[in-house]
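*Asks:*
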């Protein structure tokens, strides 16, 4: 960057009163987003925040950037239009598990497939909060909610798996309360060219309080979360004594120093690996046998839709045969009418819409 | 009013053409006979090569058969063909001069190989370009390979297989022109009674051709042709979908904006998408979305980002777009939705025309959700109504629904090409002063807000589907909501000051009968009214292109006539709307729901019946 814009977090807060419930995980996520934007050194007017419907989707109102609070499930589609129309913008999508996995599922997978350069933050609290506590597509099987009083009889989506299945180029995971880590992950998402999908395990204090507690509890963080970093060994545990190895193509937890395992045996994380298998296994790791994978799990390069669109227009226009509408209208088969009895042409809008001034 | 003559479907000229060994004479004869039995008047014209044994594949060896058919008395086999069926390149070459400008060429794409191009003495790989047939509708059909595939289990030799190709073409044409095939089936069964394999194979190929037409949803080409003489100028043929697409392009150029089309393929609107997809050279961004909803949502995103945003669809797609149109109403963004209407409800009659989405366009959304509704009346004026839709959307910050239909979309007519200088200026309401900008601050007169988009420093603001106050802050105040609902409606009604008054074709000072029509039926209603007037009947026409808002003088015009007859291709939607919006008149109705345009004859009969009462 030529100049340092030196924004602070305050530059991204709007004057609107934030109305999430006290203790809601959304506050922390918003702070992390605002801090990330402030540090990006991108002119403020280039940011656009697009959301769908749900608690998290109120987000744009609390930002001082351009914002569009749209309709349920469609934020990904609307943002696709915003970014395709103007690839110079820095576009963020705020969505939830109901918004993007249920009603907006189709747009979600197609956004990922196209690899449009959007930064998507998926607030996953495994519940419908705004409508007061119905199960969502990420709710675990058997879970009791207001609309599943006897427990759900459905399996849930694992968002990362859906992203990878759709050809996703970037997937990361974070916990709402870990603001520092969120910022790191958001910054990497913003740097990635293509659709960056960040799943944030978010706590709904009212309707699903503690749903991520087993994972998120800072007391057990070291044991239960594996913070992935590209190029670093996959080590976790209070004393950094545990790690992952690959055995017969499957991930396995080992303890360094036991059974002859040394740090050198631990698998090194490669976020840029195009092969899906290890990334998929990382995404699918669950307690208690495994820690939960956090951070950037996948970040690979692939053609970016909005850039390809721009390039195609440049390439095609460089060799164009028609340069403007007048030429286009007169291209192809045309003929002249100039008979003795033919009249002088009268423009349509003088005949049909005389009030419209030419 | 424009003097348009409708050449209806029942006067169509088809020319079958192929190698003398391709069986074109038999194909043409069977089609003509089936058509005659169907109750059409026909006239045919076989065109054999002088040398029966001219070399295969050469221009000299081409054999043709032309048939014109119609409900009216047909005295000639038609001058030039509307549709040419060409089995090889030589057939195209031999018949190029017999095809009507803008006509349709259905050809066996399998036969367009280097060998056949050479035999027909083409010098390039672009036979259509060489013959200057660029603007003709070309339908490539793999007739040879599909026939072969169809007969693969019959154990026939190659020659016999190829001899059945004509049946494929015949089946396809029967689909396109809605001919029953029982006569042809009987003919084949009787003629080859002693050769069951021949009967079976021919019938199979015939049906495959018919089903192919159905699967590809190949539509019947329809034509509207201007009566003689006309204004000086440069002309071209154009169909309604192309005209619509070009109208959007022209508006974007005039407004100085990029054009963005979010769309999902749907019959019969797809050609708007394909026409614009071909225009990357002029910077058009077409986004083929995953569904109808994403089609409009990407467009709405582009409108938020400062593009001229458009989405194209047909009836079922408009239903899916309803919620997003509501968002456009609430967000007050410029957006044009073109609905190329087809037969409904549900999937209905995808390849047939109808006007039954009027009430959907006007009311098919949750909440008080007013939009501007326009309707084009001929294939070529789709250009101007598409242009005007964009002008209204951009200058009044309002979504506009443009209604065309399958008849206009696929129909073509000669069109005097306008120059861009003839078109009125378009001035988008782009915000200028950031110190005074508020998201929903309005012009006091026209009630439109200003448009500011990401990238414009100092104009940062939030919009969305929730009710807002002037600053753009979410607001649940009861008074504010009532006021805004009224403002959004009034803003649409204020568009009337951009629109011309309703014209009367006939007796401007009033008379006995006023035929009222709207949208794509214009060619037929004006022809019917003209003919009735020639017969001395006191009948006039008022044709509507502006549905919401209605022209300011609508009531005044209606009050000058004793009887008002609303003619439309639905069960009375415009009549119902008029009863609500312009009460105090008795609206008689002529309605048709057959997936077909009106015919001039039936319009005359219906109106004359009313006159006799």
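Residue numbers (the UniProt record's numbering), protein chains in the order written: chain A, 1 to 358; chain C, 1 to 613. Glycine included, C-beta positions come from ideal geometry on N, C-alpha and C. Being a predicted model, the structure only gives us computed values, none of them experimental.
Who are the neighbours of residue 134 of chain C on chain A, taking C-beta pairs under 9 angstroms?
*Replies:* 331, 332, 333
*Asks:* Please check if any C-beta of chain A sits within less than 7 angstroms of the C-beta of residue 234 of chain C.
*Replies:* yes
*Asks:* Would residue 361 of chain C and residue 373 of chain C qualify as a contact pair, given that the criterion is a beta-carbon distance under 7 angstroms?
*Replies:* yes
*Asks:* Apart from the five residues on each side of it in sequence, which residues of its chain come closer than 6 angstroms, Cβ to Cβ, to residue 87 of chain A?
*Replies:* 306, 310
*Asks:* How many angstroms separate the CA atom of residue 47 of chain A from the CA atom of residue 437 of chain C?
*Replies:* 18 angstroms
*Asks:* Which one or two residues does DSSP pair with residue 63 of chain A in a beta bridge?
*Replies:* A:13.
*Asks:* What does residue 363 of chain A touch in chain C if you count any residue whose Cβ is under 8 angstroms from its own?
*Replies:* Any property of residue 363 of chain A remains undetermined from this structure, which presents chain A solely from 1 to 358.
*Asks:* Looking only at its chain, what residues have a beta carbon closer than 8 angstroms to the beta carbon of residue 331 of chain C, apart from the 5 residues adjacent to it on each side?
*Replies:* So the list reads 300, 304, 463, 464, 465, once near-sequence residues are dropped.
*Asks:* Would you tell me roughly how many angstroms separate the C-alpha atoms of residue 149 of chain A and residue 206 of chain A, rounded to the nearest one?
*Replies:* 17 angstroms
*Asks:* Taking 8 angstroms as the cut-off, does the region 267-286 of chain A touch the region 233-251 of chain A (at least 3 CB pairs, one atom from each stretch)?
*Replies:* yes
*Asks:* When DSSP labels each residue in this structure, what does residue 522 of chain C get in the three-state scheme?
*Replies:* helix
*Asks:* Considering just the uninterrupted stretch of the beta strand (DSSP E) at residue 82 of chain C, what are its terminal residues?
*Replies:* Run containing residue 82 of chain C: 81-86, per the beta strand (DSSP E) assignment.
*Asks:* Interface residues of chain C around residue 312 of chain A at Cβ under 9 angstroms?
*Replies:* The contacting residues are 280.
*Asks:* Check residue 212 of chain C in the structure and name its three-state DSSP category.
*Replies:* Judged by DSSP in its simplified three-state form, residue 212 of chain C adopts helix.
*Asks:* What does residue 127 of chain C touch in chain A if you count any residue whose Cβ is under 8 angstroms from its own?
*Replies:* Correct list: empty, because the minimum Cβ distance to chain A is about 15 angstroms.
*Asks:* Let me know the secondary structure DSSP gives residue 502 of chain C once reduced to three states.
*Replies:* coil
*Asks:* Starting from residue 349 of chain A, follow the beta strand (DSSP E) in both directions and report where the run begins and ends.
*Replies:* That residue, residue 349 of chain A, is in no beta strand (DSSP E); its alpha helix (DSSP H) goes 348-351.
*Asks:* Considering only the beta carbon of each residue, do residue 617 of chain C and residue 582 of chain C sit closer than 7 angstroms?
*Replies:* As shown, chain C starts at 1 and ends at 613. That puts residue 617 of chain C outside it, with no answer to give.
*Asks:* Nearest chain A C-beta to residue 462 of chain C closer than 7 angstroms, yes or no?
*Replies:* yes
*Asks:* Taking the DSSP output, what are the residues bridged to residue 543 of chain C?
*Replies:* C:517
*Asks:* What residues in the region 419-443 of chain C have a beta carbon less than 9 angstroms from any beta carbon of chain A?
*Replies:* 419, 420, 421, 422, 423, 424, 425
*Asks:* Cβ atoms of residue 44 of chain A and residue 76 of chain A: under 7 angstroms apart, would you say?
*Replies:* no
*Asks:* How many whole angstroms separate the CB atoms of residue 541 of chain C and residue 525 of chain C, which I take to be in contact at a CB cut-off of 8 angstroms?
*Replies:* 6 angstroms
*Asks:* What are the residues in the region 334-351 of chain A lying within 9 angstroms of chain C by C-beta distance?
*Replies:* 334, 335, 336, 337, 338, 339, 341, 342, 343, 344, 345, 346, 347, 348, 349, 350, 351
*Asks:* Which of the three DSSP states is assigned to residue 52 of chain C in this structure?
*Replies:* Below a pLDDT of 50, predicted positions are generally treated as unreliable, and residue 52 of chain C, at 47, falls in that range; the measurement from the model is reported next regardless. It is coil, neither helix nor strand.
*Asks:* In chain order, which continuous runs of the beta strand (DSSP E) of length 3 or greater are located wholly inside the region 189-251 of chain A?
*Replies:* 196-201, 225-228, 242-247
*Asks:* Can you tell me whether residue 88 of chain C is buried or exposed, with buried defined as 16 or more other CB within 10 angstroms of its CB?
*Replies:* Residue 88 of chain C comes out buried.
*Asks:* Apart from the five residues just before and just after residue 232 of chain A, which ones in its own chain have a Cβ nearer than 8 angstroms to its Cβ?
*Replies:* 268, 269
*Asks:* Quick one: does residue 264 of chain C have its CB under 7 angstroms from some CB of chain A?
*Replies:* no
*Asks:* Whole angstroms is fine: what's the gap from residue 168 of chain C's alpha carbon to residue 121 of chain C's?
*Replies:* 27 angstroms
*Asks:* Using a Cβ-Cβ cutoff of less than 7 angstroms, which residues in the same chain neighbour residue 344 of chain A once the five nearest sequence positions on both sides are dropped?
*Replies:* none
*Asks:* If you measure from the beta carbon of residue 454 of chain C to each beta carbon in chain A, is any gap under 7 angstroms?
*Replies:* yes
*Asks:* Here's a check: name, in chain order, each residue in its chain whose Cβ is nearer than 7 angstroms to the Cβ of residue 34 of chain A, leaving out the five neighbours to either side.
*Replies:* 9, 12, 13
*Asks:* For residue 573 of chain C, count the other beta carbons within 10 Å of its own beta carbon; 16 or more makes it buried, fewer makes it exposed. Which is it?
*Replies:* buried
*Asks:* Using the C-alpha atoms, what's the distance from residue 325 of chain A back to residue 307 of chain C?
*Replies:* Cα-Cα distance, rounded: 18 angstroms.
*Asks:* Output the distance between the C-alpha atoms of residue 189 of chain A and residue 4 of chain A, rounded to the nearest integer angstrom.
*Replies:* Cα to Cα, residue 189 of chain A sits roughly 21 angstroms from residue 4 of chain A.
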